[in-house]
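Before any comments, here is the structure.
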Amino acid sequence: MYWQCGNGIRCETFTKLQNLSADILGSPDFPQSALDKGISPTRIYKALYERYSQLLFAYAPDRAHAITSLETKLLRAMDTTGCFGVLEKFLGQSLLWRREREPLERIGSSLQTRRVPSWSWMAYVGSISYFDVAMDDVDWADLDSPFQSESYLGEPRNSIIASAQGFDREKVVELFYDLNVNTDRSDQACVVIGTAKQRSKVFYLMIVAPIGELTAAEGERMERIGISFAQGDEVFLSGTMKRRIEIW
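Just so we're aligned, residue 1257 is where the sequence shown starts under the working numbering, counting upward by one.
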């Protein structure tokens, strides 16, 4: 027989057991209790969001709202801002999420009171995990965060402003598309989220494509369609210029 509370797990022999997931998520004083135990902030938010992404909702649009109070506590304890499962202080890291074994399913925008942006996993139904990338091991790109300015409604802007360029899909090490239908899109571009410091020219890339009928040459409004990493400059198509885009 086992008992669990905010102070840990014990069995009938009164032996105290260790469980990292319970240490992070099992305390009523989450997330401060985990921080006080020396667990890193990135391990805390990753554990929370990976676990939450596995839950099923009878009404899919509730996915982005049911966690609001817990997310508010998380942001306050980590002294940062954020929304939709992405944190300002760890912007690059928290954007490096990927689907698990099964492709995700996009939640219809007509069902949402406020459209969840494509760069957030909360816009989809399905389980996610994160690239195992340490904060200090990467030179993070200078992205224009959606949390640094507000819309006219006083809410965070839904778009990330970044630089995009063409890339060769044959040269990436691994590529995870969020939806199966994204695989065959011919108008794809990439945004560099970060570059590894120690490993030679390893790039972490968000894969994007134009919204609606716009082509990559015409439109600056894009959406995330996947995530990838590549090694070497040859992944970037020669002769293509970087251009500023908005990721919605």
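The beta-carbon is built from N, C-alpha and C at its ideal position, and this holds for glycine as well.
Computed from a predicted structure; not experimentally measured.
Ser1289 and Lys1345 have their C-alpha atoms spaced approximately 20 Å apart. In the DSSP assignment, Val1394 forms a beta bridge with Ala1452.
With contacts defined by Cβ atoms closer than 8 Å, Tyr1386 and Gly1341 do not form a contacting pair.
With contacts defined by Cβ atoms closer than 8 Å, Trp1396 and Gly1450 form a contacting pair. Within the same chain, and ignoring the five residues on either side of Thr1496 in sequence, the residues whose Cβ sits closer than 6 Å to its Cβ are Gln1421 and Gly1422. Counted as a single uninterrupted DSSP element, the stretch harbouring Ser1289 is not any beta strand (DSSP E) but the alpha helix (DSSP H) occupying residues Gln1288 to Asp1292. For Pro1297, the uninterrupted alpha helix (DSSP H) run begins and ends at Pro1297 to Ser1309, by DSSP.
Comparing alpha carbon positions, the residue from Leu1331, Asn1436, Val1428 and Ile1323 closest to Pro1287 is Leu1331.
The three-state secondary structure of Asp1318, taken from DSSP, is helix. Apart from sequence neighbours up to five positions away, the residues of its chain that approach Asp1400 with a beta-carbon distance below 8 Å are Ile1416, Ile1417 and Ala1418, ordered along the chain. The three-state reading of DSSP puts Asp1400 in strand, counting E and B together.
One thing to note: Leu1360 has its Cβ no nearer than 8 Å to the Cβ of Tyr1460. DSSP links Pro1466 through a beta bridge to Met1478. Relative to Leu1347, the option among Glu1476, Met1462, Phe1492 and Gln1487 whose CA is nearest is Met1462.
In this model, Arg1499 and Gln1404 are separated by some 21 Å (Cα to Cα).
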